[in-house]
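Novice:
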Amino acid sequence: MSILNRLLGITGIDFSTGQRGVQPIKKAAEKMNIKDLTQVEQAYGGLDKLPESLQPISGTERIGGYNVIQSPFNIKGVGKGERVIQKIGANMKPVYEIVGKDAPRAGIPRLAAGALDKITQNKYDFDKRGKDGKARTVDLSDPSNFLVSQAQKSLVEGALEGAGVDTTGGATSSAIPDAEEMLKFYEDNAGRIRNVNRDLARGAAFDEAANYAITEPLRQKFLRDASTFKQRQLLEAERIKQAMPNAIQNRLLAADAGFATQAGAIAGQQDAATRFANLGNQRQFGQNVVYTPPLLRG
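Structure representation (structure tokens):
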């Protein structure tokens, strides 16, 4: 945060009213932030009493059967492709409506466009008065509806000075107080400002830690749910994969190969046993054996 922003945020006590929490520097900086004709209207006591150069309405022009308002100021709520027309209301007072510049002419074209909007429920906005079906009006007796551009600010400030209004903010010609005074104020109160900033930072850190501690169980639950969901997805994918025809065929082939290996091993064992028996007896397979006692031997 810049020094200027810190200064603008400084609060204090208004000793004239006893009000606490006021921001004198910010108030002084915004004192002459001219955005519309509100201040000059208050200074002169009404829009009709403004100098001719600041009259908000310079006249009307007949365009497309409408009385179009002419103003040197931008009117709040009126876009580049729109204009303000003057109508007569039910109480015979003028009503100012915002319409598109390409709105149909007054009379039969206007009535036909309005009828089409009712039929299509304002889907296409044939009458160029808005797709919500409601007329948009503007109060031209309200000075805040006449916006002051950057080029017109000097003209308004001149009118205010002519009415005896101090446009310097009580110090210099700038809307912001003198930079040297602001810097001196900051130097004189740097310690207090640092203490305030430190307390604010400490409080923010405590709030952040508390928020983290409170929300940690919820985050852990979301992580567990996400992990469980992912594992279920993987198991489901594996189940689908194992049910594919090629996977089933591969398992059958593996089973057949295993059975053949086991059968070969059993046959080999049987053959080895037979050969071993033949070698031990030293006789033809199936020959009778006669036992001769040792005393009778030759």
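In my numbering, the protein residues as written are 806 to 1103.
Even glycine gets a Cβ: it sits at the ideal position worked out from N, Cα and C.
(1) Between the beta-carbon of ARG934 and the beta-carbon of GLY882, is there less than 9 Å?
(2) Looking only at its chain, what residues have a beta carbon closer than 7 Å to the beta carbon of TYR871, apart from the 5 residues adjacent to it on each side?
(3) By Cβ distance below 7 Å, which residues in the same chain neighbour GLY905 in space, the five residues on each side in sequence not counted?
(4) Suppose you measure from the CA of ALA1006 to the CA of THR1020; what does that come to, to the nearest Å?
(5) Is the segment 949 to 964 touching the segment 914 to 923 in the sense that three or more CB pairs, one from each, lie closer than 8 Å?
(6) Tell me the rounded alpha-carbon separation between ALA1059 and ALA1042.
(7) Got a sec, what are the start and stop residues for the alpha helix (DSSP H) THR1020 sits in?
(8) Could you give the DSSP three-state label for VAL961: helix, strand or coil?
(9) Considering Cα atoms alone, identify which of GLY884, THR843, TYR901 and PRO856 is closest to THR865.
(10) Three-state secondary structure (DSSP) at LEU809?
(11) As an exercise, report each continuous alpha helix (DSSP H) stretch of at least 4 residues that is fully enclosed by the segment 888 to 960, in chain order.
(12) Kindly list the residues whose CB is nearer than 7 Å to the CB of PRO877, restricted to its own chain and excluding five residues on each side of it in sequence; keep chain order.
(13) Rank ALA1009, ILE924, ASP930 and ASP944 by C-alpha distance to the C-alpha of LYS898 and give the top, closest one.
(14) Would you identify the three-state DSSP class for GLY864, choosing helix, strand or coil?
(15) Under DSSP, the alpha helix (DSSP H) around VAL757 begins and ends at which residues?
(16) Going by other Cβ atoms of all chains shown within 10 Å of its Cβ, with 16 needed for buried, is GLY975 buried or exposed?
(17) For ASN1055, list the residues DSSP reports as bridge partners.
(18) Based on the DSSP secondary-structure assignment, which residues constitute the bridge partners of GLN875?
(19) Per the DSSP calculation, ARG1080 is bridged to which residue(s)?
(20) Using a Cβ-Cβ cut-off of 9 Å, state whether GLN1074 counts as contacting chain B.
(21) Assign PRO856 to one of two classes, buried (16 or more other C-beta atoms within 10 Å of its C-beta) or exposed (fewer than that).
(22) For PRO909 versus GLY967, is the C-beta spacing smaller than 9 Å?
(23) Mark GLU1013 as exposed unless 16 or more other C-beta atoms lie within 10 angstroms of its C-beta, in which case mark it buried.
Specialist: From the atom records:
(1) no
(2) ILE890 and ALA911
(3) GLY886, GLU887 and LYS933
(4) 21 Å
(5) no
(6) 22 Å
(7) 995 to 1047
(8) helix
(9) TYR901
(10) Its pLDDT being 49, under 50, LEU809 is placed unreliably in this model, and the coordinates cannot settle the point.
(11) 913 to 924
(12) SER863
(13) ASP944
(14) strand
(15) There is simply no residue 757 to check, as the chain begins at 806 and stops at 1103 in what is shown.
(16) Caution is warranted here: a pLDDT of 46 is assigned to GLY975, below 50, making its placement in the model unreliable, and no coordinate value can be reported.
(17) None; ASN1055 has no bridge partner.
(18) GLY864
(19) Answer by DSSP bridge pairing: none, since ARG1080 is not bridged.
(20) Protein chains in the displayed structure number just one, and chain B is not present.
(21) exposed
(22) no
(23) exposed
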